[in-house]
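A quick write-up on the structure given underneath.
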Amino acid sequence: MSSSSPPEQPDIDVTELEIDVAELEEAELLGAAPRVERALGDVRGRKGGGWVTLAWGLPGFVWLGFYLVAPLVFIVLVSFWTRTDTGFVRHWTLSNYGVLLHPFNLDNSYWKNMETSFVTSVIAVAACLVFGFPVAYFLAFKVQKLQNQIALFIIALAPFWTSFLTRSVAWAYPLMGREGALNQFLLKLHIVSQPVSAFGFSQLSVRLAMIQLYILFMVTPLFFLLGQVDRHALEAARDLGGNWWRTFREVILPQTMPGIVIGSIFIFVLTMGEYGTVTVIGQGAVSSVGTYIQQLVLGIQYPQGAAAAVFLVIALLAGVFVITRFANLREEL
Amino acid sequence: MAPDAVGSTEGAAPAAPSEHSGSGLDLISLTKDFPGGTIAVDDVNLHVDHGEYVVLLGPSGCGKTTTLRMIGGHEFPTGGDILLDGHSLVGLPPHKRPTTTVFQHFALFPHRSVLDNVAFGLKMEKVQKEERRKRAMEALDMVGLTELSQRKPRALSGGQQQRVALARVLVTKPKALLLDEPLGDLDRLLQLRMRVELRNLQRQLGLMFIHVTHNQEEALSMADRIVVMNEARIQQIADPLTIATKPATELVARFMGDNNIIKGKVVENTGGRLVVEDEHGVRASVQAPGDTRAPGSQALVSVRAAAARIDDDGSPGGLNTAACEVVFVEFLGDLVKLHLTSGGERLLVKVPGDHYPSLRGREGETIRIRWEEEDVQLLAS
Amino acid sequence: MTAAAEAATTARPQDRVIKRQLKPKRDWAKWGLGAYFVLFLVFLYAPMILMAMLSFQGYYGGVTFPFRGPTSVFWWKSIFETQVGGIFTHADEIGAAGRRSLWVSLAAGAVVAFFSFTISMAFRRRFRGDGIAFYVIMLALMTPGFLLGLGTQLLWKAMGFNTGLWLTALGANTVWGIPFGFLVMLAVWNRYDDHIEEAARDLGANLARTFREVTLPLVWTGVFGAALFGFTLTWNDFDRTVLLVLDNTLPLEIVGLIQASAIRPDLYALGTATTLVTLALIFSVLIVVTVRLRLRGRRVERVEEELGLEGAIDVAAAPTSS
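Encoded structure:
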């Protein structure tokens, strides 16, 4: 008794569609696809660790406890102790902090250094983000085969493993110095009439060096996360009418946010605590919190140095905190 | 036509271990709690004879895999015991147990050749190199992969990997083979083919196989007995015919699919014959000797979709019929599934495929379906 | 003509072939970003290349350009031999520092590999406090080296011992290397199928044999990578080591030379040499990885499988020896 009239175009009223959600859910529960079960199995299969886990983990954490945690704890401790001519003695005091917070000092070296270092770090983070993102984007989206992506990534990465010292030296003298290649280049082209000394041992060159040294920390997480962006989701976004900028903002950027956060944290923390680069490139003309503390140490002012270091740590933690808050805020937006 | 499932379930082995005859596998009050508080397996009792093919069937998370892993020694029970031929296995690590497991994604050793994979168990038994190779090649011959003996697993297709996995476990001559979703990774047609091959293999080897799956068809096709599990407990243990025609609980009826569940109240209980009526007036009668429920109490029955038929000759309503609206006529080659709705409840009727011409395009019409009292199954609540 | 024959000769509309010129669209973004990438690489490699170039100057070579020839290996020789061309070089100290660096870096590589492996083994399961443990590892990554050096110095002073290369600098350097190695091992374990170990145990291998025969062969590349990290990071470290040693490692030696004397091209030669060591290691790893990926083999044909044509098992051929 099938009707022989041609099928008519149904006028679909979405509200009238009866989809038995309950039954669909039940069907899924009862006849779960293998993929679901596999996923569940993986999550539940990671059994809680027993003594075996402890045995594996103990040596490493004891080592780290002794060589990482104990030294840091000790910095805090010593900052409350009193200095002696040979070092320090366990006499509790707050004077070290008092000295640093003294109005005289607030105007001077330590906090000035803190400020400078802070500015340098912020610049480094921003610059690494701006200059590093296109690199990560290029590798993740514009290079075809995965093995080529990785090969190029390693090539870009390799300089990181070389001594930052030699790179700093190479940066400072042959390239950026008064008689360096850059200045000679500019002179030859008559862009400047005098060698620009600012390129040499200056805040600028320190900052440029920092970028070069730490940009890896931004490129790596970004590269990794960009590689995880679902290409199909991008196509879907295009399909639904997004142009490149909107797709970028709505789809790609949120997914790379964690990478930006991680990279920023690393770069911020490591540049604030920088010592070697500043010493080599700054050559005394530039100082940072690190060099300041080093001066104290050289002057056998351990407790003072420790207190200064504690403030540095506080500044680091504050910075990390701000960065993560900022990221969350952006996610809300 | 309702098949003649006349109450008795031929060949059904006992569910509970009535005799610890000392032969075969016994799970006694087997329980597994996880530290977080989840109970994965709750008081499971099962006896399996040597040479039996038993399938643990159930939805994901029901505890079937955990049970299997406990038998194999990859999980420790928190309660109960596991006996093989009278000896407790619980204290033994996997390599000391006479059971071997075939894992879901085959778990072949990627850095070793096929031959070395198959010979691994023998190597652990300290068999000499020449002897090892000979027996491994024999096993490979059995699964038809001798030419691939030097390949690495990643150069094999899924079906080939599975056969290597089988050869690898059989070479060690286990007393029982445990299989965790062995056919899950295969393409559909190969799955169907491998069901036959695996079952034949088991028959000819005469080995106890315990096979875990969530695929109802697979269980029906391969098992001597099916153990249906849900939420850590056993729902029903019976041979495939019984499971398919006489599900014992609502979960089994729903999970096996193609069952119509009628949920209602007892309106009559005369001499072991219950009449159950649901809220839409559909009434079903069932023989339930010994059931003393009074009218008004809850009851649950199920009718197999294949047992129902279309009753178009206009006879009136009444017991064991329902008036329904046709939602979808699904043609599946050899059969037609008629999706119906009656007062909001979904019902299903399966008829032979040659009925399709008379059913096509009748969506929206009202038809009457009918079934026999003997096909009504009372479900435990 | 018959209708058929006529039809055969007449051109039908659908026979007309339309040729469209399809210009492949240029991916401007790709070329632009590619150029940027090249610039980026130049930015990173330029200093080293310049330094390398300047290291080949002759005796009158200066700190910077222009290149004062003749091209020679004079300055290269000066880092190995104590007396070259009538001047005394720093070769002795450089050699001593270099040897020290080499040994401590090798040791650091071993230590980092060991701890990265053991700590990552612990992380294969969930455990109470694994969050804190992970943060401790991240702390190791994020602590400025200089702070660590300071703290270590204070700690050992309080304990009454002197700091030294092997007692403290080694430890402090491994603190920086372990997180890197750990992350590498985490990636390795992620790709690893735990069931393989269960299968091995099932087939009769006890814990030790499973580890030896199955686990180790599959993860040793990660361990090697961790060792590489440990080595290179220590080879180049300055911040952590500077406060903790009396005898120089190579980086300390370099800084010392910079600060004590005028920069001469021997420094460039030294810098280029140390850089080459690192780069050689990195690129050799790159080559090995690439070669292994190439040899992986092609995708396996599955058509027969999909058609269900495969799968015959012949039980008659089952192993017969009992």
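Chains as they are written, first to last, in the working numbering: chain A, -8 to 324; chain B, 84 to 464; chain C, 73 to 394.
Glycine included, C-beta positions come from ideal geometry on N, C-alpha and C.
query, result
"Strictly under 8 angstroms for the Cβ-Cβ distance: is R470(C) near chain B by that measure?", "Nothing about residue 470(C) can be reported from this structure: the residues present for chain C run from 73 to 394 only."
"If I follow the unbroken alpha helix (DSSP H) through I141(A), where does it start and stop?", "137 to 152"
"Cβ of W83(A) within 8 angstroms of Cβ of F71(A)?", "yes"
"Indicate whether at least one CB of chain A lies closer than 8 angstroms to the CB of K229(C).", "yes"
"Could you check whether the Cβ of V208(C) sits closer than 8 angstroms to any Cβ belonging to chain A?", "yes"
"So, do the segment 215 to 233 of chain B and the segment 298 to 310 of chain C have three or more beta carbon pairs nearer to each other than 8 angstroms?", "no"
"Closer than 8 angstroms is the cut-off here; do at least three beta carbon pairs connect the segment 225 to 238 of chain C with the segment 246 to 265 of chain C?", "no"
"Tell me which residues of the segment 308 to 337 of chain C have at least one Cβ-Cβ distance to chain B shorter than 9 angstroms, keeping chain order.", "none"
"Can you tell me whether G162(B) is buried or exposed? The criterion is at least 16 other CB atoms within 10 Å of its CB, across all chains shown.", "exposed"
"How should V313(A) be labelled, buried or exposed, when 16 other C-beta atoms within 10 angstroms of its C-beta is the threshold for buried?", "exposed"
"Should I121(C) go down as buried or exposed, given a rule of 16 or more other Cβ atoms within 10 Å for buried?", "exposed"
"Specify the secondary structure class of C119(A) as computed by DSSP and reduced to three states.", "helix"
"Can you check whether the CB of P257(B) is closer than 8 angstroms to the CB of T182(B)?", "yes"
"Could you say which of R240(A), H93(A), T157(A), V288(A) lies nearest to M127(C) if we only look at CA atoms?", "A quick correction: the sequence has Ser, not Met, at residue 127(C). Here the closest residue by C-alpha is T157(A)."
"For L242(C), would you say it is in contact with chain B, using Cβ-to-Cβ distances shorter than 8 angstroms as the test?", "no"
"Which word fits Q244(B), buried or exposed, when buried means at least 16 other C-beta atoms lie within 10 angstroms of its C-beta?", "buried"
"List, in chain order, every chain C residue whose beta-carbon is nearer than 9 angstroms to that of P176(B).", "R273, N278, L279"
"Reducing DSSP to helix, strand and coil, say where T190(C) ends up.", "helix"
"Is DSSP giving F312(A) helix, strand or coil here?", "helix"
"State the DSSP-derived secondary structure class of L77(B), mapped to helix, strand or coil.", "One cannot answer for residue 77(B) here, as it falls past the ends of chain B, which runs 84 to 464."
"Span of the alpha helix (DSSP H) holding S368(B)?", "Per DSSP, S368(B) belongs to no alpha helix (DSSP H); it is in the beta strand (DSSP E), 366 to 370."
"Can you find a CB in chain B that lies within less than 8 angstroms of the CB of D395(C)?", "A question about residue 395(C) goes unanswered here, because the residues of chain C that appear run from 73 up to 394."
"Give the C-beta separation of Q315(B) and I122(B) to the nearest angstrom, bearing in mind that I take them to be a contact with Cβ-Cβ under 8 angstroms.", "In the sequence as displayed, the identity of residue 315(B) is Ala instead of Gln. About 5 angstroms separates the two Cβ atoms, so the contact holds."
"For E165(C), which residues of its own chain have a beta-carbon under 8 angstroms away from its beta-carbon, when the five flanking residues on both sides are left out?", "N320, E325"
"Could you check which residue in V131(B), G241(B), S385(B) has the C-alpha nearest to that of D458(B)?", "S385(B)"
"Just to confirm my understanding: we take G447(B), look at its own chain, exclude 5 residues before and 5 after, and list those with CB closer than 8 angstroms. What are they?", "E408, V409"
"For L353(C), which residues of its own chain have a beta-carbon under 8 angstroms away from its beta-carbon, when the five flanking residues on both sides are left out?", "L300, F303, T304"
"Leaving out the 5 sequence neighbours to the left and right, which residues in its chain are closer than 8 angstroms to L31(A) when beta-carbon positions are compared?", "With a pLDDT of only 35 at L31(A), under the threshold of 50, the placement of this residue in the model should not be trusted, and no figure is reported."
"Starting from T114(B), trace the alpha helix (DSSP H) both ways and give me its first and last residue.", "T114(B) -> not in any alpha helix (DSSP H); beta strand (DSSP E) instead, spanning 108 to 116."
"Does any C-beta atom of chain A lie closer than 8 angstroms to the C-beta of R197(C)?", "yes"
"Can you name the start and end residues of the alpha helix (DSSP H) that L303(B) belongs to?", "299 to 305"
"Along chain C, which residues have their Cβ under 7 angstroms away from the Cβ of G289(B)?", "Result: empty, since nearest Cβ-Cβ is about 10 angstroms, beyond 7 angstroms."
"Any idea if A306(B) is buried or exposed, counting beta-carbon neighbours within 10 angstroms, 16 or more meaning buried?", "buried"
"Are there 16 or more other CB atoms within 10 angstroms of the CB of S171(B), so buried, or fewer, so exposed?", "exposed"
"For the putative contact between D395(B) and T404(B), defined by C-beta atoms under 8 angstroms, what is the C-beta separation to the nearest angstrom?", "Wrong, their Cβ atoms sit about 12 angstroms apart, outside the cutoff."
"Determine the direct distance from the alpha carbon of K346(B) to that of E428(B), and round the result to whole angstroms.", "10 angstroms"
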